[in-house]
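Let me begin by presenting the structure, written as structure tokens, before commenting on it.
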Amino acid sequence: MQIILVSRTKKVPRTLDLASRRMRWRIGAVAAVAVGACMAAGAAAALMVASPRDRALSEITALRATVSQQTRQLADVQRDAQRDLDALAVKLGQLQAQSTRLNALGERLAQMGKLDDGEFNFDQAPPVGGVEEISGSGYALPQTLDSSISQLASQFDGQQAQLTALQSLLMDARIESNLKPTGMPVQGYISSYFGGRPDPFSGHSARHTGIDIATPLGTPVHAVAEGMVTFAGIRSGYGDVIEIDHGNGYMTRYAHNSKLLAHPGQRVRVGDVIADAGSTGRSTGSHVHFEVWYKGRVVNPLAYVRNHR
Ligand SMILES: [Zn+2]
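Quick note on the numbering used here: the sequence shown kicks off at 163 and runs consecutively.
Listed below in structure tokens is the structure:
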């Protein structure tokens, strides 16, 4: 077999005689070189294919480094958050302690004001309706801390409401207490009690409408409750007398004074000096004749003078 190669540059066509041994060697050599070139190209191509894997590997290495860095940062954040939470928990504990003290104070106030009838219970939050949910904050506290804060907040709300009610009740109670005759109008000792006794002048049986408190001439006489002076002057038998209306059904009378220091229409407070003690009217010596009237009836003043405000 012969292959004839025709070329423009060459006038004589070249003939490759495949039958010749020399030509077959040459073609074999060329083929071997071609196969070698192909193999080299394949290897290069294989390298080109393997390269993205290497790139991925290096990317993974970098990512792992990043992740490990982020893990450290997360640990830092968690540590900071834990520190914040610890601080918050400490603060919460302090608030709870304050709430406990507030409870104790409230209970003591309720006892002082004799209001411990079960209406005031500072240990429990007052019953309230409805459920509140805080949503959309996007920042979640740990469940226990969150519920502790909510509980504490409602506790404070309850205490606030109860203390407000207690305050107004105590105010009312104090006003009420100030209007009720309490204690002795003058320093001295009780020389004559309320009720039946022999009349000191006639010796006949008579009803004593008050108590007598023996005291030196000129000793200050005090109002035993807040009120309005309704009379200041002389009454038969009583001598110089002061009468105070306390506006709640009570009226008090202070008799036999040597000097009157209050005038009708004058508003007096507990303990105000209204007169100096004396022995005017039907009297055998310096003393204060003290009467308590309740809803138009004279009553025994003993219970009132023995009370304390
Ligand atoms: Zn008397």
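Glycine residues also receive a C-beta, built at the ideal position from the N, C-alpha and C atoms. Just so you know, these numbers come straight off a predicted model, no measurement behind them.
(request) Let me know the secondary structure DSSP gives MET201 once reduced to three states. (result) Counted from its first residue, the sequence shown places residue 201 at position 39. DSSP places MET201 in helix when its eight states are reduced to three.
(request) Name the two residues that bound the continuous beta strand (DSSP E) containing ARG468. (result) On the sequence shown, position 306 is the one that residue 468 refers to. Unbroken run through ARG468 is the alpha helix (DSSP H), 464–468; no beta strand (DSSP E).
(message) Can you tell me where the alpha helix (DSSP H) holding PHE318 begins and where it ends?
(response) Position 156 of the sequence shown, counting from 1, holds the residue named residue 318. Per DSSP, PHE318 belongs to the alpha helix (DSSP H) from 305–340.
(request) With hydrogens ignored, establish whether the beta-carbon of SER441 is closer than 7 Å to any heavy atom of ligand 1. (result) Here residue 441 is taken as the residue at index 279 of the sequence shown, counted from 1. Taking 7 Å as the cut-off, the C-beta of SER441 does not count as close to any heavy atom of ligand 1.
(request) Output the distance between the C-alpha atoms of ILE311 and THR344, rounded to the nearest integer angstrom. (result) One-based indexing of the sequence shown puts residue 311 at position 149. One-based indexing of the sequence shown puts residue 344 at position 182. Cα to Cα, ILE311 sits roughly 47 Å from THR344.
(message) Between the segment 401–417 and the segment 341–355, can you find at least three pairs of beta-carbon atoms closer than 8 Å?
(response) Touching, per the Cβ criterion.
(request) In angstroms with no decimal places, state the Cα-to-Cα distance between GLY268 and ALA315. (result) The residue given as residue 268 occupies position 106 in the sequence shown. The residue given as residue 315 occupies position 153 in the sequence shown. Computed Cα separation, rounded: 17 Å.
(message) For ligand 1, is there any heavy atom lying closer than 7 Å to the beta carbon of HIS370?
(response) Counted from its first residue, the sequence shown places residue 370 at position 208. Yes, ligand 1 has a heavy atom inside 7 Å of this Cβ.
(message) Which residue wins for smallest C-alpha separation from SER460, given the options HIS418, PHE356, GLN329?
(response) As a working note, residue 460 is residue 298 in the sequence shown. Before going on, a small fix: residue 460 reads as Val here, not Ser. The candidate whose alpha carbon is nearest that of VAL460 is PHE356.
(request) Could you check if LEU422 is buried or exposed, using at least 16 other CB atoms within 10 Å of its CB as the buried criterion? (result) Along the sequence shown, one-based indexing puts residue 422 at 260. The residue in question, LEU422, is buried, as its Cβ has 16 or more Cβ neighbours within 10 Å.
(message) By DSSP's criteria, LYS421 is part of a beta bridge. Which residues make up the other side?
(response) For the purposes of this step, residue 421 is taken as residue 259 along the sequence shown, with counting starting at 1. For LYS421, which the question treats as bridged, DSSP gives the partners ASP438.
(request) Apply the 10 Å Cβ neighbour rule to GLU295 and answer buried if 16 or more other Cβ atoms are within range, or exposed otherwise. (result) Along the sequence shown, read from residue 1 onward, the residue named residue 295 stands at position 133. Reliability of the predicted coordinates at GLU295 is poor, the pLDDT of 48 falling under 50, and no value is obtained from them.
(message) Strictly under 8 Å for the Cβ-Cβ distance: is ILE404 near chain C by that measure?
(response) You won't find chain C in this structure, because it holds only one protein chain.
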